[in-house]
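Written out below as structure tokens is the structure these notes cover.
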Amino acid sequence: MILYVVIVGLFILFPLYIYLIESRKGCLEISTAQCAYNRAQYGAALNWDEHCFYINGHPLLIISCDFFYWRIPDQSRWESILKKYKSNGFNCVRICFHWGFHSPDEGKYYFERNRDIEYLLRLCEKIKLFVLAAPGPYICSETQAGGYPFWLLDKNLRVRHMDFTGYKKYDERFAAYEREWFEVLLPIIAKHQITTKPDGCVIGMQIENKLIESKCGIPFGLHDEIRFLCKVARDCGINVPLFNNDPAELGSFIARADEEENFFARTFGKLFGSRKKFGLDLYGFSKYVVPVPPTGKEQSSLMWKPWKPQLFMNGVDGIERKVRGFGGEAARSPIFIPELQGGWSNHYKTSYTFDDMFGYFGDFYTKLLFESVLAQGCTMTSIHTAYGGTNWGTIGDTDAYTSNDYSACIREYGYTSSRMRDLRQSILFAKSFSDILIKTERVEHPTVSSPIEQIVNLQRHSVITENHGEQVTLTFIRNFSKEKQAVFQINVDYQASSKMLHKIQLQCFLPYKLSFIALGNYTTLNGLKLVFSTLPIYLRTTLPASETTPAREIWIVPVNNTGELAFEGDVVVESNMSPSTRNCDKVVNAVSFDGSPGYAKIRKLGEAVDNCLYVLALDRAALGTLHGFFDESYWGQGQRKTQEEDVIATKQEAQVTSEGQRQRQEQEQLQSNISLRSPVYVVWGTQQVYYNSQSKTLEVSYGEDETELTIISLKPPSNSSIPNASYPLPFVYTVQLTPHHVTSTLDLTPQLRSWQKRVSDLANLSWRPTSLKQSPLEHGLIAGHVLYKTCFPAEYSSLKSAVKLSINVRHRCSIFLNDQFVGGHTVYSKSFRAPGCKNGPELFTSFGKKKYDLTQFLKLPKSEEANVLIIVVENLGINRQMDMFNDVRNPRGLISASFSGLKSSNNPQWSICGVDSRRLDCPFITSGIPDEHKRTGWISLPSLPESGINPSDGLSWWKFSFSHPVSSKLRSELSAPLRLVLYGSFTSYIFLNGTLIGRYYGNGDSSQHDFYLMDGLLKHDEDNTIVLLVYSWEMVVSPDLKVQVRGWEIDDTNKSGNVVRLRRGTEDVESARNGWVVWKTNINL
């Protein structure tokens, strides 16, 4: 009987399942071929194969990171941040364009000042950063409504084609608004495409974001949804490749030929007419591996256990096989990760901070992840995020408070952290050996092993062999061993020129949870054959031959007294690092050094003294400042050389007849190919260096303890240089940096003066009638606060019974009855579908109710004056419609309110008050309090209000001024970022010189106490003014309040950039050390 029921059930459900799958394919007459990239027309400028992208014919690693211009309110900082990206090795940025940021109201679009994307794209071209454009319309990114404009949410349509359940049905009305956004935005982007502009920066465009085709066999995404957007993009002049960003490796929207469809798709597809799947030019996917541990509000980050390597391996080590297994374009295009984890977001109701998260992931996490995806053959990746910026105003959603530091490589206030410094070493290796790394295949039977498990990740070998005569190997060493030992043995199976197999044992030093890419089977410019290196090589550069010297190859390695360089045959080593040479199985000599910085010159026995490989060992501090600036001749090059030029070059090659000529030509070709991948300049010694290729200068940023910059260059810099004791080599120059004694006397804690205070007269604001059945969105009251008021007579059902109020709000409320504070609370949850949930639609909205006893605050019975009840409701943000969650219309404001204990005849009517965001240039710049910019009613105070904060004061405003510690004369030479430090159990909205920059929750709703004061918003010659909206749910006495402007006193020793505090009893106070200061200078080359 059970079997019968199952068979009947399958008989009924299977056709329904097939119908559901086929119905997802849609019926718009738009095919994959219609929207495909035109290789015939544009392939000379931009092309790809299964290995990599080609820019103007050059195979190129795409090493990208996100740039959120809308999280940087001061446009003047855009250039400095992009230059940081460039100097750290990135050659590309992914830019998510925020529809809601540009459109406060229907039909209105703004592209000026900090929304000027034309300027932004020109800036990328100036700095030579390629762009992956992501115009959405949905961008996710922990921003309100996922980037959709507020006015769109008030329309009777399916946002992202979803109904409340998450089920999708194509909505033509919604699609029409998406078209409107694309038609406004994409023509601007189109002007900057590399396919139509020789020096253009845009090389690809992402359609939608994290759109799932199916998951666990359940169809979800609509093919019409994505084919429509692709067609509109092409109609708007976008001709670069289009790609998607799958939430994970789910195989969504992959372009494939009909014959590549699986059996079921081919068979059942015929039953449903011409419906076909739609695919994009490139398949991309997100990769987040290790999350922050789930915690309750009260759990300290000190209780976190270290992240487990198995979690990391499960998330990364199967990428290549899985993606290639999807077939179609996923097998024929580069492995592409448009969103690779670079940190983690933090949300409300947590006790930990981004500093805690930085410590949890550790210095090397991003480096480890980057190298692990390189091991999977990935040659196109974009890190989310290298610099997080700030959720200034109210631009963040329920998943993000003011700071968007993200524990990222570059901290919110601009500090280049240890994580970036370590990642930069991996980027330098990848770029300087990109002639090898750009095209590789997995070695199924690696020639390298270790007696300890989880040391050797995998091995790849180069596809291109002509440059080095044979396949170079790249072995990805990653210490995930259970023993956690840092010193271990590496076994290498090596087949020498005699064809005999030799087994070589080498020593390696690599601490737990660290990694490096080991080079093997590699021939240097001077003919040395490197069998294998257990000494990490972080950078390779070359200097061309001259009339007196041969071409020189230079490696940068760490100070390491364990790792070895194993060469074939006998070698001669000259070094100031006490070199040691060990013979291995008669055919290999392993070279090692002591643990000090220095250099070595290595050559084959019998070779000329000057025909050698140079090895420079840097200590960890120096490696953390290592920069390399690469030749970028592919920028603005236009078309590749013509076919006629190819024929001429082939004839010239054929004229080479003698063996000597052929060898010289091969050597010159080898040098030429390596030189294209070699840095033009290599420098170390300071935290940040940007190479300005137009002016041929180094723009140097340095701290007080950074006194010199070392440069590897063919010619000495024009600035005076001094001899370098550790590296006395003809191509190594050291420039002394000018010490600035003013740093030690610079006081980055300015005096706060001109204190003033005023109180909002809530009862006399501009109110209008409303019904609680109406969403505040209908009034345009969505950002920040919304105020509700009702009046009821002093007529109560009984003198003995209490009068109570039951209310349901999202997310925070403060209740005032007759100018007295009644109480306040927060409805916010990390639990899925719970009241106030940060993700997912609410299913149990009514469970968010809370009761308050109003009795003690009432007017006396029979009083002629009515009771006036005002409820201040704060919205923490609109949910962002993530993945399969239709939560963008989760309730906000005052959802319901009911009274008990009043006479039945009392039926209070409600009024509403706030700031209509549709009437603003930008909808995220208001606290929602109508009198936020009122100039009258201020009372002068001698200092911070000594009376503290009384909840019954309602909404107070504090204002004070301060002078910037850095004068305008020093501004071009010195950078000293500032922060506002707040402590005390109160709520505050922070305005800096008129701009809303942050929200503070001292009651524990947010863990943030340090607020970055954006450099571009500060004044250096005039007073700076900070205005604070202040209110509290409890009495706060003056000694418990802290309001300070100060520098960033940070951990500059370990380079984490975490704020340093000293523990004194139960109170955190900053140390007396000076804040982080950076000096600037230029060095002419």
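Oh and the sequence shown: position 394 is 394 in full-length UniProt numbering, straight run, nothing missing. In this text, a Cβ means the ideal position worked out from N, Cα and C, and glycines have one as well.
Closest by C-alpha distance to phenylalanine 174, when choosing among Asp154, Val184, Leu186: As a first step, residue 174 must be located in the sequence shown, where it is residue number 174. Of the candidates Asp154, Val184, Leu186, the one whose C-alpha sits nearest the C-alpha of phenylalanine 174 is Asp154.
Residue from Lys276, Met313, Ile337, Asn314 whose Cα sits closest to the Cα of residue 1144: Summary: the structure shown does not reach residue 1144, with the chain confined to residues 1 through 1085, and so no result is reported for it.
With lysine 696 as the anchor, note down where its alpha helix (DSSP H) starts and where it stops. Here residue 696 is taken as the residue at index 696 of the sequence shown, counted from 1. Here lysine 696 belongs to no alpha helix (DSSP H), and DSSP marks it neither H nor E.
If asparagine 692 and arginine 603 are in contact, beta carbons under 8 Å, what's the gap, nearest whole angstrom? What you label residue 692 is simply residue 692 of the sequence shown in a count that begins at 1. What you label residue 603 is simply residue 603 of the sequence shown in a count that begins at 1. Actually they are not in contact, since the Cβ atoms of asparagine 692 and arginine 603 sit about 36 Å apart, beyond 8 Å.
Coarse secondary structure for glutamine 485, derived from DSSP in three states: The count along the sequence shown starts at 1 and reaches residue 485 at position 485. If DSSP states are grouped into helix, strand and coil, glutamine 485 belongs with coil.
Residue 1089 versus Ser797, Asn818, Ser829, Asp819, residue with shortest Cα-Cα distance: The first residue shown for the chain is 1 and the last is 1085, placing residue 1089 beyond what the model contains.
What number of angstroms, rounded off, separates the C-alpha of arginine 275 from the C-alpha of isoleucine 212? By 1-based counting over the sequence shown, the position of residue 275 is 275. By 1-based counting over the sequence shown, the position of residue 212 is 212. C-alpha separation (whole angstroms): 19 Å.
The beta strand (DSSP E) that contains cysteine 791, what's its start and end? One-based indexing of the sequence shown puts residue 791 at position 791. Cysteine 791 -> beta strand (DSSP E) spans 784–792.
Integer-rounded CB distance, given that serine 76 should sit under 8 Å from glycine 1016: Stepping through the sequence shown from its first residue, residue 1016 is reached at position 1016. Stepping through the sequence shown from its first residue, residue 76 is reached at position 76. With 8 Å as the limit, glycine 1016 and serine 76 qualify as a contact, their Cβ atoms being about 4 Å apart.
Sequence-distant residues of its chain with Cβ nearer than 7 Å to serine 1007 (five each side left out): On the sequence shown, position 1007 is the one that residue 1007 refers to. Here the set comprises Thr350, Ser351, Tyr352, Thr353.
Pull up the CB-CB distance for valine 159 and glutamine 193, whole angstroms please, since I reckon it's below 8 Å. Numbered from 1 along the sequence shown, position 159 holds the residue referred to as residue 159. Numbered from 1 along the sequence shown, position 193 holds the residue referred to as residue 193. Actually they do not touch by this definition, with Cβ atoms about 30 Å apart.
So what does DSSP say about threonine 745, is it helix, strand or coil? Residue numbering aside, residue 745 sits at position 745 when the sequence shown is read from its first letter. In this structure, threonine 745 counts as helix in the three-state DSSP scheme.
In terms of residues, what are the limits of the beta strand (DSSP E) holding glutamate 125? One-based indexing of the sequence shown puts residue 125 at position 125. Not the beta strand (DSSP E): glutamate 125 falls in the alpha helix (DSSP H), residues 117–127.
The alpha helix (DSSP H) with cysteine 378 in it runs from where to where? For the purposes of this step, residue 378 is taken as residue 378 along the sequence shown, with counting starting at 1. Where cysteine 378 is concerned, there is no enclosing alpha helix (DSSP H), although the beta strand (DSSP E) it sits in stretches over 378–384.
Beta-carbon proximity list for alanine 866, same chain, < 8 Å, skipping 5 on both sides: Taking the first residue of the sequence shown as position 1, residue 866 is located at position 866. Answer for alanine 866: Cys791, Phe792, Pro793, Ala794, Lys859, listed in chain order.
Tell me which same chain residues have a C-beta within less than 8 Å of the C-beta of arginine 71, skipping the five on either side of it? Numbered from its first residue, the sequence shown carries residue 71 at position 71. For arginine 71, where only same-chain residues beyond five positions count, the Cβ hits under 8 Å are Gly388, Gly389, Thr390, Asn391, Trp392, Ile395, Asn404.
First through last residue of the beta strand (DSSP E) which encompasses aspartate 441: Position 441 of the sequence shown, counting from 1, holds the residue named residue 441. The displayed chain sequence assigns glutamate, not aspartate, to residue 441. From DSSP, the beta strand (DSSP E) with glutamate 441 extends over 440–442.
Could you check which residue in Leu123, Gly57, His58, Tyr109 has the C-alpha nearest to that of tyrosine 69? Taking the first residue of the sequence shown as 1, we reach residue 69 at position 69. The residue with the shortest Cα to Cα distance from tyrosine 69 is Leu123.
List in chain order: all unbroken beta strand (DSSP E) runs of 3+ residues lying wholly within the region 471–556. 473–478, 487–495, 501–509, 515–523, 529–533, 539–543
On the CB-based measure, 16 or more other CB atoms within 10 Å of its CB, does glutamate 125 come out buried or exposed? Within the sequence shown, numbered from 1, the residue matching residue 125 stands at position 125. Buried: at least 16 other Cβ atoms inside 10 Å.
Compare the Cα-Cα distances from threonine 738 to each of Asn479, Asn764, Ser720 and report the closest residue. Sequence index remark: in the sequence shown, residue 738 carries index 738 (1-based). Per the Cα distances, Ser720.
Look up glycine 251 in the DSSP assignment and say whether it is helix, strand or coil. The residue you call residue 251 lines up with position 251 of the sequence shown. In the structure shown, glycine 251 sits in coil (DSSP, three-state: anything other than H, G, I, E or B).
Apart from the five residues just before and just after leucine 501, which ones in its own chain have a Cβ nearer than 7 Å to its Cβ? Counted from its first residue, the sequence shown places residue 501 at position 501. Excluding residues within five positions, the ones whose Cβ falls inside 7 Å are Asp493, Gln495.
Please specify which runs of the beta strand (DSSP E), each continuous and at least 3 residues long, are wholly inside the region 877–924, giving them in chain order. 893–900, 910–913
Collapsed DSSP secondary structure at isoleucine 63 in the structure displayed: Locating residue 63 in the sequence shown gives position 63, where the first residue counts as 1. Strand at isoleucine 63.
With a Cβ-Cβ cutoff of 7 Å, do asparagine 457 and alanine 375 count as a contact? Counting from 1 along the sequence shown, the entry for residue 457 is found at position 457. Counting from 1 along the sequence shown, the entry for residue 375 is found at position 375. Yes, these two residues count as a Cβ contact at 7 Å.
Go ahead and pull the three-state DSSP assignment for glutamine 774. By one-based count along the sequence shown, residue 774 stands at place 774. In the structure shown, glutamine 774 sits in coil (DSSP, three-state: anything other than H, G, I, E or B).
Ignore the nearest five residues each way along the sequence and tell me which others in histidine 347's own chain have a CB closer than 8 Å to its CB. Start at 1 with the first residue of the sequence shown, and residue 347 comes out as number 347. These residues qualify, in order along the chain: Thr398, Asp399, Ala400, Tyr401, Lys830, Lys838.
For a test of the three-state rule: what should DSSP assign to aspartate 610, helix, strand or coil? Taking the sequence shown and counting its residues from 1, the one referred to as residue 610 is at position 610. Coil.
Distance, Cα to Cα, phenylalanine 960 vs arginine 999? Locating residue 960 in the sequence shown gives position 960, where the first residue counts as 1. Locating residue 999 in the sequence shown gives position 999, where the first residue counts as 1. Roughly 17 Å separates the two Cα atoms.
DSSP three-state call for valine 1077: helix, strand or coil? As a first step, residue 1077 must be located in the sequence shown, where it is residue number 1077. Here valine 1077 sits in coil by DSSP.
Bridge partners of phenylalanine 958, per DSSP? Counted from its first residue, the sequence shown places residue 958 at position 958. For the sequence presented, residue 958 should be read as tryptophan rather than phenylalanine. Answer by DSSP bridge pairing, in chain order: Lys757, Leu1028.
Counting along the chain, where does the alpha helix (DSSP H) carrying methionine 313 start and finish? Taking the first residue of the sequence shown as position 1, residue 313 is located at position 313. Methionine 313 -> alpha helix (DSSP H) spans 309–316.
Continuous beta strand (DSSP E) assignments of at least 3 residues falling wholly in the region 790–835: 804–810, 812–817, 820–826
Nearest-angstrom Cα distance between isoleucine 63 and isoleucine 55? Here residue 63 refers to the residue found at position 63 when the sequence shown is read from its first residue. Here residue 55 refers to the residue found at position 55 when the sequence shown is read from its first residue. For isoleucine 63 and isoleucine 55, the distance between alpha carbons rounds to 14 Å.
Jot down the residue ranges of each uninterrupted alpha helix (DSSP H) in the UniProt domain "Glycoside hydrolase 35 catalytic" (53–211), minimum 4 residues, whole runs only, in chain order. 78–87, 99–102, 117–127, 150–153, 172–190
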